[in-house]
Amino acid sequence: MEHERGADFRGEIFMDGLALVFMLAVLVEKVVEIFKDIVYAIPFFPDKFRPLTLELLSLACGVLLAFQSGINALELLAVKISNPGVGIVITGLVIGKGANFAHDFFHSFSKNNKR
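Quick note: the sequence shown uses my numbering, first residue 1362, plus one each step.
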């Protein structure tokens, strides 16, 4: 009975962590959407740097939110790493790429773990 409860508890932690990653990814998308208008409104900023600026802003927001929330997707997926900070940075990059990327990341990772 205790073993089953432990599995349920880990499942709840995984789902809560997964929900947090998706919520943060959506938040980053909305923040970048707001800044998109600002970046494109700057007249002296070269057009070729605008998409890169938004991408870097998105990734930086994702990493910042991952560190502030302490979320580590690798830990959620039961991947053992020696430095949890690496997992938080990877999670931040996943968050920074947006909700679709986060979904694809977890979907492909869960497929690989079932083998």
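Think of the CB as a built atom: it goes at the ideal place given N, C-alpha and C, for glycine as much as any other residue.
Assigned secondary structure, Val1440 (DSSP; H/G/I helix, E/B strand, else coil): coil
At the level of alpha carbons, what is the spacing between Leu1426 and Asp1408? 28 Å
Quick one: grab the DSSP three-state call for Ile1432. coil
Straight-line CA distance for Phe1462 to Asn1433? 16 Å
Mind checking Gly1453: buried by the 16 CB within 10 Å criterion, or exposed? buried
Which residue wins for smallest C-alpha separation from Lys1458, given the options Leu1435, Gly1431, Ile1399 and Lys1391? Lys1391
Please go through the same chain and pick out, in chain order, the residues whose beta-carbon is closer than 7 Å to the beta-carbon of Ile1442, but skip the five residues on each side of it. Leu1435 and Gly1448
Can you check whether the CB of Ser1430 is closer than 8 Å to the CB of Val1393? no
Spatial neighbours of Arg1476 in its chain, beta-carbon cut-off 6 Å, leaving aside the 5 residues before and after: For Arg1476, the predicted model reports a pLDDT of 45, less than 50, meaning its position is unreliable; a value from the coordinates is still stated below. No residues qualify anywhere along the chain.
Here's the rule I'm using: 16 or more other beta-carbon atoms within 10 Å means buried, otherwise exposed. How should Ala1386 be labelled? buried
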